[in-house]
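K.L.:
Quick one: the structure is below, questions incoming.
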Ligand code: ADP
Ligand code: MG
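Written out as structure tokens, the structure is:
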């Protein structure tokens, strides 16, 4: 590509809310045949809200401990929990530990507490009563994220958190699949929720319960199959995968770290800018030859 064509392309991108940091990404975008998308904050709004809670025993719910733990966590889900528990008090918990892609642990008095996904409960040998599991399954089928809260080895509560799918995400998914590009959604969320999300968005492939490193490994796997891969994400947990991909795209409303690593940023976090960027790449490269 001639420098002039690139400059025009980068300028057009900027006019359309697509920031392109380097010429190479603009040239490569037209070759992309696989796109890996993070779920939370990328396909969804990233503004989760608690929509339901089942406490096992309302008298000893330990809302104070749950609120105090989530106050220390930086996860968007944690923010939703804190907001939901606005009336609860905060207490001084000890040994708070955040567990990437799973949740958090802490102590209060002589008791250990965990909050997070089902896997974290299994790892901590938490006993889950059948009625709570049934409730969790029902929520999962409607694409809600399910999180658990437990004291020592007993579940205290299960919560449903909902994060709206952006209309623009559904449009973008349709357009990109029509262009013959393979799309994959990766999420740390559970299988049931991921499956329901894939149905609602029309995205054909997905992987659930993936950790940040798994996201990067997945990108590598696609590259080994000979694919030119774009990674799209908004979080710190996407940064390794972003750095691995051929074309890296961050959401403008996401974390600064994702934007630092990525070579492109979609300012308004609107996924329909991706097919637009690919078209721009085609135009840019076509004007050179
Ligand atoms: P995603 O890839 O969808 O952005 P993450 O990998 O960040 O999700 O988190 C995966 C899962 O871990 C969440 O769906 C949730 O069940 C659990 N989790 C992580 N952090 C927390 C937290 N602070 N409180 C409750 N649950 C959490
Ligand atoms: Mg995310």
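Numbering (UniProt numbering), first residue to last: 461 to 749. C-beta atoms are modelled at their ideal positions from N, C-alpha and C, and glycine is treated no differently.
Going by alpha carbons, who is nearest to residue 707 out of 723, 554, 504, 697?
P.N.:
Indexing the chain shown from 1 puts residue 707 at position 247. That would be 723, whose Cα lies nearest to the Cα of residue 707.
K.L.:
Is residue 500 near ligand 2, in the sense that its beta carbon is under 6 angstroms from a heavy atom of that ligand?
P.N.:
One-based indexing of the chain shown puts residue 500 at position 40. Yes.
K.L.:
Ends of the beta strand (DSSP E) at residue 493?
P.N.:
If you number the chain shown from 1, residue 493 lands on position 33. Segment: none, residue 493 is in no beta strand (DSSP E) and carries neither H nor E.
K.L.:
To which residues of the same chain is residue 564 closer than 6 angstroms at the C-beta, ignoring the five residues directly before and after it?
P.N.:
As a first step, residue 564 must be located in the chain shown, where it is residue number 104. If we look at residue 564 and ignore the five residues flanking it on each side, its Cβ neighbours are 529, 533, 558, 575.
K.L.:
If contacts are defined as beta-carbon pairs under 8 angstroms, then residue 688 and residue 486 qualify, I think. What distance do you get, rounded to the angstrom?
P.N.:
Counted from its first residue, the chain shown places residue 688 at position 228. Counted from its first residue, the chain shown places residue 486 at position 26. Not a contact, Cβ separation roughly 14 angstroms.
K.L.:
Check for me: the beta strand (DSSP E) holding residue 571 runs from which residue to which?
P.N.:
Here residue 571 is taken as the residue at index 111 of the chain shown, counted from 1. Run containing residue 571: 571-576, per the beta strand (DSSP E) assignment.
K.L.:
So is the beta-carbon of residue 694 under 6 angstroms away from any non-hydrogen atom of ligand 2?
P.N.:
In the chain shown, residue 694 corresponds to position 234, counting from 1. Residue 694 Cβ: within cutoff of ligand 2.
K.L.:
Rounding to the nearest angstrom, what Cα-Cα distance links residue 508 and residue 618 in this structure?
P.N.:
For the purposes of this step, residue 508 is taken as the residue at position 48 of the chain shown. For the purposes of this step, residue 618 is taken as the residue at position 158 of the chain shown. Distance between the alpha carbons of residue 508 and residue 618 is about 16 angstroms.
K.L.:
Assuming contact is defined by CB atoms lying nearer than 7 angstroms, are residue 731 and residue 469 in contact in what I supplied?
P.N.:
In the chain shown, the residue the question calls residue 731 occupies position 271. In the chain shown, the residue the question calls residue 469 occupies position 9. Between residue 731 and residue 469, the CB-CB gap reaches or exceeds 7 angstroms.
K.L.:
If I'm right that residue 734 touches residue 477 with Cβ under 8 angstroms, what's the distance once you round it to whole angstroms?
P.N.:
Taking the chain shown and counting its residues from 1, one reaches residue 734 at position 274. Taking the chain shown and counting its residues from 1, one reaches residue 477 at position 17. Between residue 477 and residue 734 the Cβ distance is about 12 angstroms, and since that is not below 8 angstroms, they are no contact.
K.L.:
Where does the unbroken alpha helix (DSSP H) through residue 650 begin, and where does it stop?
P.N.:
Within the chain shown, numbered from 1, the residue matching residue 650 stands at position 190. Per DSSP, residue 650 belongs to no alpha helix (DSSP H) and is neither H nor E.
K.L.:
My understanding is that residue 721 touches residue 709, with C-beta atoms under 8 angstroms, so please give their C-beta distance in whole angstroms.
P.N.:
Taking the first residue of the chain shown as 1, we reach residue 721 at position 261. Taking the first residue of the chain shown as 1, we reach residue 709 at position 249. In this structure residue 721 does not touch residue 709 by the C-beta definition: roughly 11 angstroms separates them, more than the 8 angstroms allowed.
K.L.:
Taking buried to mean at least 16 other C-beta atoms within 10 Å of its own C-beta, is residue 499 buried or exposed?
P.N.:
Numbered from its first residue, the chain shown carries residue 499 at position 39. Label assigned to residue 499: buried.
K.L.:
Flag this pair as touching only if the segment 611-629 and the segment 509-526 have three or more C-beta atom pairs under 8 angstroms; answer yes or no.
P.N.:
yes
K.L.:
Specify the secondary structure class of residue 688 as computed by DSSP and reduced to three states.
P.N.:
As a working mapping, residue 688 is identified with position 228 in the chain shown. DSSP places residue 688 in coil when its eight states are reduced to three.
K.L.:
Which residue's Cα is closest to the Cα of residue 554: 584, 562, 526, 543?
P.N.:
Within the chain shown, the letter at position 94 stands for residue 554. Ranking the options by Cα distance to residue 554, first place goes to 526.
K.L.:
Can you tell me which residues form a DSSP beta bridge with residue 666?
P.N.:
In the chain shown, the residue the question calls residue 666 occupies position 206. For residue 666, which the question treats as bridged, DSSP gives the partners 645.
K.L.:
Our contact map puts residue 713 next to residue 490 with C-beta atoms below 8 angstroms; I'd like the distance itself, whole angstroms only.
P.N.:
Counting from 1 along the chain shown, the entry for residue 713 is found at position 253. Counting from 1 along the chain shown, the entry for residue 490 is found at position 30. So it is not a contact: roughly 26 angstroms between Cβ atoms.
K.L.:
Less than 7 angstroms separating the beta-carbons of residue 662 and residue 641?
P.N.:
Position 202 of the chain shown holds residue 662. Position 181 of the chain shown holds residue 641. Against a cut-off of 7 angstroms, the Cβ pair of residue 641 and residue 662 comes out as no contact.
K.L.:
Would you say the beta carbon of residue 563 comes nearer than 6 angstroms to a heavy atom of ligand 1?
P.N.:
As a working note, residue 563 is residue 103 in the chain shown. The answer is yes for residue 563.
K.L.:
What's the C-alpha gap between residue 516 and residue 677?
P.N.:
Walking along the chain shown from the start, residue 516 turns up at place 56. Walking along the chain shown from the start, residue 677 turns up at place 217. Their Cα atoms are separated by approximately 39 angstroms.
K.L.:
Can you look up residue 551 in the DSSP assignment and give me helix, strand or coil?
P.N.:
Translated into positions along the chain shown, residue 551 becomes position 91. Coil, per DSSP.
K.L.:
Can you tell me which of 700, 737, 701, 690 puts its alpha carbon nearest to the alpha carbon of residue 495?
P.N.:
One-based indexing of the chain shown puts residue 495 at position 35. Taking only the C-alpha atoms, the option nearest residue 495 is 690.
K.L.:
Could you compute how far the alpha carbon of residue 579 sits from the alpha carbon of residue 638?
P.N.:
Along the chain shown, read from residue 1 onward, the residue named residue 579 stands at position 119. Along the chain shown, read from residue 1 onward, the residue named residue 638 stands at position 178. Approximately 36 angstroms between the Cα atoms of the pair.
K.L.:
Quick check on the DSSP output: what are the complete beta strand (DSSP E) runs of length 3 or more inside the segment 551-625, in order along the chain?
P.N.:
Unbroken beta strand (DSSP E) runs of no fewer than 3 residues, entirely contained in the segment 551-625, are found at 554-559, 563-568, 571-576, 605-611, 614-622, following chain order.
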